[in-house]
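Novice: Pasting in a structure now, in structure tokens, and then I'll have a few things to ask.
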Amino acid sequence: MALKIDDLPGAIRQAKKELRAALPNYREVFAEVEKAIGGAANQIAAQRDRGENVIPEIQFSDITEQRVTAEQIALLKARGACVIRNVFPREQVRQWDDDIAHYVERNHLDKRLENRAEDKYFGQLASSKPQIYGVYWSKPQVLARQSESLTTARVFLNKLWRNESEGRIHFDPEHVPVYADRLRRRPPGSASLGLSAHCDGGSVERWIESNFRKVYRHVFSGNWREYDAFDAAFRTDVDEIASPAVCSMFRTFQGWTALTPQGPGDGTLQLVPIANSMVYILLRALQDDVADDDLCGAMPGRALSIKPEFHAPLFEALSSIPKMAAGDTVFWHSDVIHAVEDEHKGAGYSNVMYIASAPACAKNDAYLKRQLPSFLKGESPPDFPTDHFEVDFTGRATADDLTPLGKAQLGFDL
């Protein structure tokens with residue numbers, strides 16, 4: 016169900032009143048958090064500035080051969096992100112990139128973009144014009160989502176979470192439903208087409224909605240050191256405010272697959288690689304310098320913007336991901352702060368397919384039932400602007416392109 020709030024300022028005032036009453040020492044607790052998270056951010060910044068890699072990297076072959084070490088997993092969970100190398104063969108991905116270019120060109124997507132539905136999701140961000148294409152059902156996207164290799168990688172990621180806690184089983188990590196998302200095709204020389212720092216998956220809801228409060232129960236009770244960003248308790252029960260591009264599935268990790276080589280300076284992804292930085296964000300909004308009807312600028316139905324005036328220590332750790340080859344993937348925890356560089360200073364296209372990791376659960380099954388008709392008709396999926404560009408596209412993927420795994424992941428058997 017979508018969350019509806021009629022009087023947002025009143026709801027924020029009431030939420031902050033309740034949260035402060037439940038945590039009367041919110042100032043002292045936040046001071047502890049600021050010291051701990053700020054220290055972690057400074058450590059990451061120092062590593063980055065020494066030229067060290069701050070985003071963990073894993074070889075896909077180490078996942079398939081079960082060679083990923085406990086130390087690698089511990090670092091991944093602390094940083095809330097990882098690059099998985101060589102998920103797809105480079106030649107295959109180069110062909111996919113060519114096929115996508117042909118798909119959008121032969122169907123004259125550029126002319127249709129002039130009449131696209133407005134995507135207001137990023138409207139409150141300082142930089143808010145990513146080079147995103149409202150294309151979901153090209154054959155390369157469908158083939159990548161249903162591939163055995165990417166499915167294996169995402170099952171590995173799902174299993175990093177605690178899927179059983181509070182006396183309940185929250186999801187099945189072995190099954191990976193499709194969350195159809197878009198493409199980024201960024202030409203060299205493009206500027207001011209990035210995204211400033213933000214989090215997806217809920218903005219004002221995190222303080223107001225009852226199940227979101229349960230997700231962060233340890234934070235709001237002051238026992239923030241007990242908070243586990245990878246505990247799935249109550250995450251599959253939350254309700255978001257409906258809006259174009261607000262994700263209504265539970266994603267363990269957001270992610271994308273590189274279609275072209277790209278790295279720092281190429282208009283690529285930036286992360287604040289601190290898995291529990293949400294602790295800072297949540298408690299920061301309760302402090303006395305933030306107006307009673309404000310949550311550090313959070314807006315309903317928008318990305319949760321991270322602002323220098325409120326969250327300065329977190330920006331110390333904002334780091335570009337390492338150089339990616341075609342066929343590499345990057346994944347980041349659904350609460351991790353991320354951004355996109357404004358300028359693409361590189362020589363070639365910086366192209367990606369957005370493909371997240373999600374597990375099977377009732378929340379996600381409900382979305383699949385809404386999404387499947389979109390695939391069959393070639394329409395934009397339910398969470399996205401209603402452009403429906405691909406309805407009459409030549410070469411669009413159909414049910415005939417699906418493997419049994421692909422059909423299961425799209426919910427044909429639900």
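First residue of the sequence shown? That's 16 in this note's numbering, and the numbers climb one at a time after it.
Ideal Cβ positions, reconstructed from N, Cα and C, are used throughout, including at glycine.
Fair warning: this is a prediction, and the values are worked out from it, not measured in the lab.
1) If you draw a straight line from the C-alpha of serine 334 to the C-alpha of phenylalanine 408, how long is it?
2) Going by beta carbon distance, what residues of the same chain come within less than 7 Å of phenylalanine 227, once the five residues before and after it are set aside?
3) Is the Cβ-Cβ distance between valine 287 and alanine 332 less than 8 Å?
4) In the DSSP assignment, the beta strand (DSSP E) including glycine 270 goes from what residue to what residue?
5) Is it true that the region 362-376 meets the region 258-273, where meeting means three or more beta-carbon pairs spaced less than 8 Å apart?
6) In the DSSP output, which residue or residues are listed as bridge partners for histidine 359?
7) Drop a sphere of 10 angstroms on the beta-carbon of aspartate 215, count the other beta-carbons inside from all chains shown, and report buried for 16 or more, exposed for fewer.
8) Taking DSSP's pairing of strands, which residues face tyrosine 368 in a bridge?
9) Between which two residues does the alpha helix (DSSP H) harbouring threonine 167 extend?
10) Glutamate 179 by DSSP, collapsed to three states: which one?
11) Return yes when at least one heavy atom of the ligand SAM lies under 7 Å from the C-beta of lysine 19, else no.
12) Considering only the alpha carbon of each residue, which of Ala340, Gln302, Met293 lies closest to tryptophan 239?
13) From alanine 247 to histidine 123, what distance separates their C-alpha atoms?
14) Flag this pair as touching only if the region 199-214 and the region 273-286 have three or more C-beta atom pairs under 8 Å; answer yes or no.
15) Let me check understanding here. Comparing Cα to Cα, which of Arg232, Val191, Ala30, Ala340 lies closest to serine 164?
16) Let me make sure I understand the geometry here. Which of Gln110, Glu224, Thr251, Leu383 has the alpha-carbon closest to that of arginine 180?
17) My guess is that threonine 275 and glycine 410 are in contact by the Cβ rule of under 8 Å, so how many angstroms apart are they, rounded?
18) Pull the bridge partners of alanine 17 from the DSSP assignment, please.
19) What do you reckon, are the CB atoms on glycine 342 and proline 104 nearer than 8 Å?
20) Check whether the region 298-305 touches the region 94-111, taking contact to mean three or more Cβ pairs, one atom from each stretch, closer than 8 Å.
21) Does DSSP put tryptophan 152 in a helix, a strand or coil?
22) Can you tell me whether DSSP reads serine 142 as helix, strand or coil?
23) Would you identify the three-state DSSP class for aspartate 246, choosing helix, strand or coil?
24) By how many angstroms is the C-alpha of glutamine 277 removed from the C-alpha of glutamate 47?
25) Quick check on the burial criterion: 16 or more other C-beta atoms within 10 angstroms. Buried or exposed for isoleucine 352?
26) Going by DSSP, name the residue or residues bridged to valine 345.
27) Three-state secondary structure (DSSP) at glutamate 120?
28) In the structure shown, what three-state DSSP assignment does isoleucine 78 receive?
29) Short of 8 Å in beta carbon distance, which residues of its chain neighbour proline 337, apart from the five on each side in sequence? Order them along the chain.
30) Less than 6 Å between C-beta atoms, sequence neighbours within five positions excluded: which residues of the same chain meet that for aspartate 114?
31) Kindly identify the DSSP beta-bridge partner or partners of aspartate 187.
32) For glutamate 405 and leucine 425, what's the separation of their Cα atoms in angstroms?
Specialist: In this structure, then:
1) 38 Å
2) Gly217, Glu220, Arg221, Val253
3) If you check the CB distance, valine 287 and alanine 332 come in under 8 Å.
4) 268-273
5) yes
6) According to DSSP, histidine 359 bridges with Asp281.
7) buried
8) The sequence as given places methionine at residue 368; tyrosine does not occur at that position. Answer by DSSP bridge pairing, in chain order: Leu198, Thr272.
9) 163-173
10) strand
11) For the structure depicted, the ligand SAM is absent and the ligand set is empty, with no information on it obtainable.
12) Met293
13) Our two residues, alanine 247 and histidine 123, have alpha carbons roughly 43 Å apart in a direct line.
14) Touching, yes.
15) Val191
16) Note that residue 180 corresponds to serine in the displayed sequence, not to arginine. The residue with the shortest Cα to Cα distance from serine 180 is Thr251.
17) The distance from the Cβ of threonine 275 to that of glycine 410 is about 21 Å, inconsistent with a contact at the 8 Å cut-off.
18) Note: alanine 17 sits in no beta bridge, so no partner.
19) Taking the C-beta atoms as reference points, proline 104 is found nearer than 8 Å to glycine 342.
20) no
21) Secondary structure of tryptophan 152 (DSSP, three-state): coil.
22) Confidence at serine 142 is low in this model, with a pLDDT of 48, below 50, so its placement is unreliable and no value can be given for it.
23) strand
24) 38 Å
25) Burial state of isoleucine 352 is buried, judged by a 10 Å Cβ sphere holding 16 or more other Cβ atoms.
26) Val98, Trp271
27) helix
28) helix
29) Once the five neighbours on either side are set aside, the close Cβ partners of proline 337 are Asn68, Ile70, Glu72, Val98, Gly278, Pro279.
30) Pro155
31) Ala375
32) 18 Å
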